[in-house]
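The next block holds one structure in the form of structure tokens; read it before the comments.
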Amino acid sequence: MIELKNISYHYPDSTAAIDDICFSVSEGEKLVVAGANGAGKSTLFLLLNGILKPRKGDYFFDGKKTGYSKRELLALRQQVGIVFQEPDSQLFSASVYEEVAFGPLNMELSRDEVRQLVDSTLAALDIESLKDRPPHLLSYGQKKRVAIASVLAMNPRIIIFDEPTAGLDPAHAAEIIVLLEKLHKAGKTIIISTHDMNFAYQWAGRMVVLHKGRVVGEGTPNEVFANEELLKQSQLELPFILQVFKALNSDAKSPKTMDELIQYINTRA
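For the sequence shown, full-length UniProt numbering begins at 1 and goes up steadily by one.
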């Protein structure tokens, strides 16, 4: 689906943000990109969406090399949507309805088709009541949902979420996690970055770890978190479930959820 071959991107001062990486995404994946601040996660996402153009290397989508003309970038962004960490950097329209309609209006759809698409998207995100309100007057959690709706309305095959639960209280973060799962079950390929390794461990099907702009590890969550040297190099914490399980000094299969951990502890009692 997505394949990056020897991609590099440098900041204006020539510092390498992404340094000669090879990276792939398969259709239907639940992929977490992990790494410390400054590892290159956000830059990688901007490259995947075509907002940034690599200094060198090739980007292939569905086996076809990606170009950077206006027409080619529009086609790419209809396939690869991105939800930024800060919704205020993504929202600019006078009303929620106009915000969500902006993308579809650039897809050569009729007004009726756009209206139906926007209405269904607002309903899916449970924000119909906000459609006439200015986005900048909404709560942070509401802004997050509007930003997601503006991307979802384009019906991309891949949706990238940069720190989707950052800045949210536990209840609203849980709602976003449920939404991610719902989107995946609907057939979307989901790529996220997160500093929450508890969430990453339980949610991801595969993880890619970045450090100083390079891919330094990848695999299933169990494989990544079993690599102590990788965790130390990348400044990643062991998920709480695995910390407790490790203290039990067991050779059994690692539990994935807190319920599984409690059940295992009870069997040992």
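Even glycine gets a Cβ: it sits at the ideal position worked out from N, Cα and C. Only a predicted model underlies this, so the values are computations on that prediction, with no experimental measurement involved.
Closest by CA to K182, which one among S14, E3, D13, K30? Measuring from the Cα of K182, the nearest candidate turns out to be K30.
Buried or exposed: A34, going by 16 or more other Cβ atoms within 10 Å of its Cβ? It counts as buried.
Whole-number beta carbon distance between A39 and K232, since they are thought to touch under 8 Å: That belief does not hold up - the Cβ atoms of K232 and A39 are roughly 14 Å apart, past 8 Å.
Based on Cα-Cα distance, which residue from G187, S150, V244, G167 lies nearest to T257? Closest option to T257, Cα to Cα, is V244.
Which listed residue (N249, F199, A252) has its alpha carbon closest to that of E237: Among N249, F199, A252, the Cα nearest to that of E237 is on F199.
Going by the CB atoms, is the gap between P164 and I191 shorter than 8 Å? Contact: no.
Classify P170 as buried or exposed, calling it buried when 16 or more other Cβ atoms lie within 10 Å of its own Cβ. It is exposed - the Cβ of P170 has fewer than 16 other Cβ atoms within 10 Å.
D19 lies in the beta strand (DSSP E); which residues open and close that run? First-last of the beta strand (DSSP E) with D19: 16-25.
By how many angstroms is the C-alpha of N266 removed from the C-alpha of I18? For I18 and N266, the distance between alpha carbons rounds to 46 Å.
Using the Cβ count rule (16 or more neighbours within 10 Å means buried), how would you classify Y97? Residue environment analysis places Y97 among the buried positions, since at least 16 neighbouring C-beta atoms fall within 10 angstroms of its C-beta.
S93 and E86: beta carbons closer than 8 Å? Going by C-beta atoms, S93 is not nearer than 8 Å to E86.
Based on Cα-Cα distance, which residue from H136, I2, N155 lies nearest to S89? Considering only alpha carbons, the answer is H136.
Beta-carbon spacing of V32, T194 below 8 Å: Yes, the pair counts as a contact, with Cβ atoms nearer than the cut-off.
Under the three-state DSSP convention, the category F199 falls into: The answer is helix: DSSP assigns F199 an H, G or I state.
Does DSSP put K41 in a helix, a strand or coil? Three-state DSSP puts K41 in a helix.
D112 - containing alpha helix (DSSP H), residue span: For D112, the enclosing alpha helix (DSSP H) stretches over residues 111-124.
Tell me the DSSP secondary structure of Y93 in three-state form. Sequence inspection shows Ser at residue 93; the Tyr mentioned does not correspond to that position. Three-state result, S93: coil.
Compute the Euclidean distance between the alpha carbons of Y68 and L122, then round it to the nearest angstrom. Their Cα atoms are separated by approximately 31 Å.
C-beta atoms of K56 and N6 nearer than 8 Å: Result yes, Cβ atoms of K56 and N6 sit closer than 8 Å.
Spatial neighbours of F161 within its chain, please: CB distance less than 6 Å, with the 5 preceding and 5 following residues excluded, ordered by chain position. These residues qualify, in order along the chain: V83, I192.
Going along the chain, which unbroken runs of the alpha helix (DSSP H) with 4 or more residues stay wholly within the segment 143-205? Within the segment 143-205, the alpha helix (DSSP H) runs of at least 4 residues that lie entirely inside it are, in chain order, 170-185, 197-203.
Residues bridged to A34 [DSSP beta-bridge criterion]: DSSP lists V209 as partners of A34.
Tell whether a beta-carbon distance below 8 Å holds between V146 and L91. Yes; because the gap between Cβ atoms is below 8 Å, this pair is in contact.
G50 in three-state terms, based on DSSP: Coil, per DSSP.
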